[in-house]
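**Student:**
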Amino acid sequence: MKLLILVLTLWVPTIYCQSDWWQTGQFYQIYPRSFKDSNGDGIGDLNGIREKLPHLKDIGITAAWLSPIYKSPMKDFGYDIADFKAIQPEYGTMADFEALLKRANELGIKLIMDLVPNHTSDLHEWFQKSVNRVKGYEDFYVWHDGYPDPKNSSNRLPPSNWLSTFRGSAWKWNTKRQQFYLHQYLAEQPDLNYRNPLVIEAMEDVLTFWLDKGVAGFRVDSVPTVFEVQADSKGKYPDEPKSGFTDDPENSAYLKHIYTQDQPETTELVYRTRAFLDEYQRKHGGDTRIILTEIYSPIDVIMQYYGNGTINGAHIPFNFNFITKVNKDSKAPDYAAIISLWMDNMPKQYTANWVIGNHDNRRVGSRYGPERIDAMNMLVMVLPGASVTYNGEEIGMLDVDISWNDTVDPAACNSNPQIYQQFTRDPARTPFQWDDSKNAGFSTANKTWLPIHPNYKQVNVKAEQAAARSHLKVYKDLVQLRKTSKTLQRGELKYKALNDNVLAVQRSLSGSNTILLLMNVSDKSQAVNVQQWSPTTPSSMKVRIASVQSKRNANETLKVSSIILDPYESLVLE
């Protein structure tokens, strides 16, 4: 048995300090292009988000973070930013954003911006000035002469073998400047040079602009790639070694990214950004402004982003392990191992977080199987700390099968019809399903930017609100329990795979009700005896929340020494 105690669990209740707003928060990612279209052009927008904010209020969301809404040529659907201080016209205006922020605040929902520090669009003013060597901008990006091509005297070779995430060389020749520039993503997304202090100052000016507007913080994109190794004294960049993961030399996974990711300077920059936000709060007051960092890195690297023991870093370095390390074939011990991986490595003074979906990965119901949708939502809300929901997961939306001809994601479009499914992110980005009307209530357009899932007549907010049981109702009940249960907010945690197919997660707090999650991940009935594992668990507990396939009703009393779980049944007991 593994017993883990969180720092938030203090044995003497009188010295317990109240959690900050984000530490047990319910975060919700909005993909603006797919959330709600207010003007009938088939593309979601800011006024559409404002119209649907009551849905977020209804399901109990603490804070919503918006995928990029900045002015952009949309080569990577907003992650190629042409102006950090302007709104993409197809999403609306700055006045629309301010109206959205005002309405969110009225409803008690905080807004978090998606910050993309690694790169800009090649149409950004900074890049154009850098191309032209305008004073002060010469080194805003990573430039290099490259090397003569021994086979062609009129050609230059890239500075290194580094590969782009979107296939092919990470170096692009610029004819005007007569140098290569680095782009770890699209060629239209040149990497900023954070070894230049002027770049850091410019990005902090962007932070101030949005903080002054009233946002609650930033989700920081693609953190590991912000710095690359410094060139040596001769200006040479080292080649990266082969990974052995693939034979495709154009695929980013062909190389081990030991020189282009997770450099020590990156964590230092995150610490600086945290200090910048803390200082802003000291000067301006109000609630804590936070940073959430996107990091797909080894666990020891991720933990460095929390802080170094004396200096604080990210409030929430995203925990993607449930996305990257488990799937529909995983067993209960696999889930337990993921919990251990984070909780055993996280320094006790920090706050855990759990992410099961986002715009870059297949939907929860498609990855784990639709029968496990409720189980996954239960798991991340019973575990301690913050949980993050991608829009649509509360109703159990599924991936849409999108043809090569309809594919728009550059990660897929840069491949070919035979392999694009390995790279496409489009299936999880389709329009939100509000009701059973035209285009699922997302838009009145004749064609939406991505197709609607054909199951929208059954899987939508309106239908699930009316149903006796639904994923939406399970989700709402879970959030409400998190908000009202002192046990879930600060109770101690213990968990165990009771067998290959059943995971038990228990939260307990002196003077408060014990909360127990039982999660059957298999297609077979499972008999379990919780007290054999945990003798201190109350002998009888009531069903608080049951998954949609369960035959049990709320408040039904169960003896925890003898419970038979139906296939895929999950229960939250109290």
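Note that the sequence shown covers residues -17 to -1, 1 to 557 in mature numbering (1 follows the signal peptide of the UniProt record, and there is no 0). Note that CB positions come from ideal geometry on N, CA and C, so glycine has one too.
Can you tell me whether Gly268 is buried or exposed? The criterion is at least 16 other CB atoms within 10 Å of its CB, across all chains shown.
**Tutor:** The sequence position of residue 268 within the sequence shown is 285, counting from 1. Its Cβ having fewer than 16 others within 10 Å, Gly268 is exposed.
**Student:** My output table needs one value for Ser410: the three-state DSSP class, helix, strand or coil.
**Tutor:** Here residue 410 refers to the residue found at position 427 when the sequence shown is read from its first residue. It should be pointed out that residue 410 corresponds to Pro in this sequence rather than to Ser. Helix, per DSSP.
**Student:** Please name the residue, chosen from Glu376, Lys311, Met329, Ile26, that lies closest to Val338 on a Cα-to-Cα basis.
**Tutor:** Position 355 of the sequence shown, counted from the start, is the residue given in the question as residue 338. For the residues Glu376, Lys311, Met329, Ile26, the minimum Cα distance to Val338 belongs to Glu376.
**Student:** Kindly indicate the opening and closing residues of the alpha helix (DSSP H) around Asn360.
**Tutor:** The residue labelled residue 360 in the question sits at position 377 within the sequence shown. Start and end: 356 to 365.
**Student:** How many whole angstroms separate the CB atoms of Tyr318 and Gly340, which I take to be in contact at a CB cut-off of 8 Å?
**Tutor:** Counting from 1 along the sequence shown, the entry for residue 318 is found at position 335. Counting from 1 along the sequence shown, the entry for residue 340 is found at position 357. Incorrect: roughly 16 Å between the Cβ atoms, too far for contact.
**Student:** Please list the terminal residues of the continuous alpha helix (DSSP H) segment that includes Met502.
**Tutor:** Residue mapping note: residue 502 aligns to position 519 of the sequence shown, counting from 1. It is not in any alpha helix (DSSP H) - Met502 instead sits in the beta strand (DSSP E) that spans 498 to 503.
**Student:** What span of residues does the beta strand (DSSP E) with Tyr373 cover, start to end?
**Tutor:** Taking the sequence shown and counting its residues from 1, the one referred to as residue 373 is at position 390. Note, Tyr373: beta strand (DSSP E), 369 to 373.
**Student:** Which same chain residues, not among the five before or five after Leu146, have their C-beta less than 7 Å away from its C-beta?
**Tutor:** Position 163 of the sequence shown, counting from 1, holds the residue named residue 146. So the list reads Ser152, Ala153, Ser235, Tyr237, Leu238, once near-sequence residues are dropped.
**Student:** Under 7 Å between the Cβ atoms of Lys19 and Gly27?
**Tutor:** Locating residue 19 in the sequence shown gives position 36, counting from the first residue. Locating residue 27 in the sequence shown gives position 44, counting from the first residue. Yes, these two residues count as a Cβ contact at 7 Å.
**Student:** May I ask which residues mark the beginning and end of the beta strand (DSSP E) holding residue 559?
**Tutor:** Any property of residue 559 remains undetermined from this structure, which presents the chain solely from -17 to 557.
**Student:** Distance, Cα to Cα, Val117 vs Val125?
**Tutor:** Residue numbering aside, residue 117 sits at position 134 when the sequence shown is read from its first letter. Residue numbering aside, residue 125 sits at position 142 when the sequence shown is read from its first letter. Those two C-alpha atoms are separated by around 15 Å.
**Student:** Could you check if Ser205 is buried or exposed, using at least 16 other CB atoms within 10 Å of its CB as the buried criterion?
**Tutor:** Here residue 205 is taken as the residue at index 222 of the sequence shown, counted from 1. Buried, since its Cβ has 16 or more Cβ neighbours within 10 Å.
**Student:** Could you name the residues of the same chain whose beta carbon sits closer than 6 Å to that of Ala459, not counting the 5 residues immediately before and after it, in chain order?
**Tutor:** Start at 1 with the first residue of the sequence shown, and residue 459 comes out as number 476. The displayed chain sequence assigns Lys, not Ala, to residue 459. Result list for Lys459: Ile42, in chain order.
**Student:** DSSP three-state label for Glu277, please.
**Tutor:** Walking along the sequence shown from the start, residue 277 turns up at place 294. Three-state DSSP puts Glu277 in coil, outside helix and strand.
**Student:** Tell me, please, whether the CB atom of Trp325 is closer than 7 Å to any CB atom in chain D?
**Tutor:** Absent here is chain D; the protein component of the structure consists of one chain.
**Student:** Applying the criterion that 16 or more other CB atoms from any shown protein chain within 10 Å of the CB defines a buried residue, is Arg265 buried or exposed?
**Tutor:** As a first step, residue 265 must be located in the sequence shown, where it is residue number 282. Classification for Arg265: exposed.
**Student:** Under the assumption that Ile274 contacts Arg257 (Cβ atoms under 8 Å), give the Cβ distance between them as a whole number of angstroms.
**Tutor:** Here the question's residue 274 lines up with position 291 in the sequence shown. Here the question's residue 257 lines up with position 274 in the sequence shown. Between Arg257 and Ile274 the Cβ distance is about 6 Å, and since that is below 8 Å, they are a contact.
**Student:** Terminal residues of the continuous alpha helix (DSSP H) containing Asn304?
**Tutor:** For this step, residue 304 is matched to residue 321 along the sequence shown. Segment 304 to 307, the alpha helix (DSSP H) holding Asn304.
**Student:** I'd like to confirm the pairing. Which residues does DSSP put opposite Ala46 in its beta bridges?
**Tutor:** As a working mapping, residue 46 is identified with position 63 in the sequence shown. Partner(s): Phe10, Lys93.
**Student:** Between Phe163 and Pro141, which are expected to be in contact by the criterion C-beta below 8 Å, what is the C-beta distance as a whole number of angstroms?
**Tutor:** Stepping through the sequence shown from its first residue, residue 163 is reached at position 180. Stepping through the sequence shown from its first residue, residue 141 is reached at position 158. Right, their Cβ atoms sit about 6 Å apart.
**Student:** Where Trp156 and Ala449 are concerned, what is the direct C-alpha to C-alpha distance, given to the nearest angstrom?
**Tutor:** Numbered from its first residue, the sequence shown carries residue 156 at position 173. Numbered from its first residue, the sequence shown carries residue 449 at position 466. Distance between the alpha carbons of Trp156 and Ala449 is about 57 Å.
**Student:** Does the distance from the CB of residue 631 to the CB of Gly25 come in under 7 Å?
**Tutor:** The structure shown does not extend to residue 631, since the chain spans only -17 to 557, so no value can be given for it.
**Student:** Taking the alpha-carbon positions, what's the His38 to Thr431 distance?
**Tutor:** To locate residue 38, count along the sequence shown from 1; it is residue 55. To locate residue 431, count along the sequence shown from 1; it is residue 448. Taking the straight line joining both Cα atoms gives about 22 Å.
**Student:** Shortest alpha-carbon distance to Ser545 belongs to which of Gln509, Gln404, Arg535?
**Tutor:** Start at 1 with the first residue of the sequence shown, and residue 545 comes out as number 562. It is Gln509 whose Cα lies nearest to the Cα of Ser545.
**Student:** Could you please give the first and the last residue of the uninterrupted alpha helix (DSSP H) stretch that includes Thr467?
**Tutor:** Taking the sequence shown and counting its residues from 1, one reaches residue 467 at position 484. Element bounds for Thr467: 454 to 467.
**Student:** Can you check whether the CB of Leu461 is closer than 7 Å to the CB of Ala315?
**Tutor:** Your numbering for residue 315 matches position 332 in the sequence shown. Your numbering for residue 461 matches position 478 in the sequence shown. Contact flag unset, no.
**Student:** Does the beta-carbon distance from Leu94 to Ala47 come in below 7 Å?
**Tutor:** What you label residue 94 is simply residue 111 of the sequence shown in a count that begins at 1. What you label residue 47 is simply residue 64 of the sequence shown in a count that begins at 1. Yes; because the gap between Cβ atoms is below 7 Å, this pair is in contact.
**Student:** Can you tell me whether Met77 is buried or exposed, with buried defined as 16 or more other CB within 10 angstroms of its CB?
**Tutor:** In the sequence shown, the residue the question calls residue 77 occupies position 94. Counting Cβ neighbours within 10 Å, Met77 comes out exposed, since fewer than 16 surround it.
**Student:** DSSP on His107, reduced to helix/strand/coil?
**Tutor:** Position 124 of the sequence shown, counted from the start, is the residue given in the question as residue 107. Coil.
**Student:** Does Leu(-14) come out as helix, strand or coil in the three-state DSSP assignment?
**Tutor:** Position 4 of the sequence shown, counted from the start, is the residue given in the question as residue -14. Its pLDDT being 35, under 50, Leu(-14) is placed unreliably in this model, and the value from its coordinates should be taken loosely. Three-state result, Leu(-14): strand.
**Student:** Going by Cα to Cα distance, which pick from Asn482, Val442, Gly379, Leu492 is closest to Arg345?
**Tutor:** Residue numbering aside, residue 345 sits at position 362 when the sequence shown is read from its first letter. If we check each option's Cα against that of Arg345, Gly379 comes out closest.
**Student:** Look up Ala320 in the DSSP assignment and say whether it is helix, strand or coil.
**Tutor:** Start at 1 with the first residue of the sequence shown, and residue 320 comes out as number 337. DSSP places Ala320 in helix when its eight states are reduced to three.
**Student:** Determine the DSSP secondary structure at Gln489, reduced to helix, strand or coil.
**Tutor:** Residue numbering aside, residue 489 sits at position 506 when the sequence shown is read from its first letter. Note: Gln489 maps to strand in three-state DSSP.
**Student:** Nearest-angstrom Cα distance between Leu554 and Ile32?
**Tutor:** To locate residue 554, count along the sequence shown from 1; it is residue 571. To locate residue 32, count along the sequence shown from 1; it is residue 49. So the alpha carbons of these two residues sit roughly 33 Å apart.
**Student:** Given that a residue counts as buried once 16 or more other Cβ atoms are within 10 Å of its Cβ, and exposed if not, what is Ile64?
**Tutor:** Looking up residue 64 in the sequence shown gives position 81. Burial call: buried.
**Student:** Which residues in the same chain as Arg160 place their Cβ atom closer than 6 Å to its Cβ, once the five residues preceding and following it in sequence are excluded?
**Tutor:** For the purposes of this step, residue 160 is identified with residue 177 of the sequence shown, where counting begins at 1. Contacts found: Val114.
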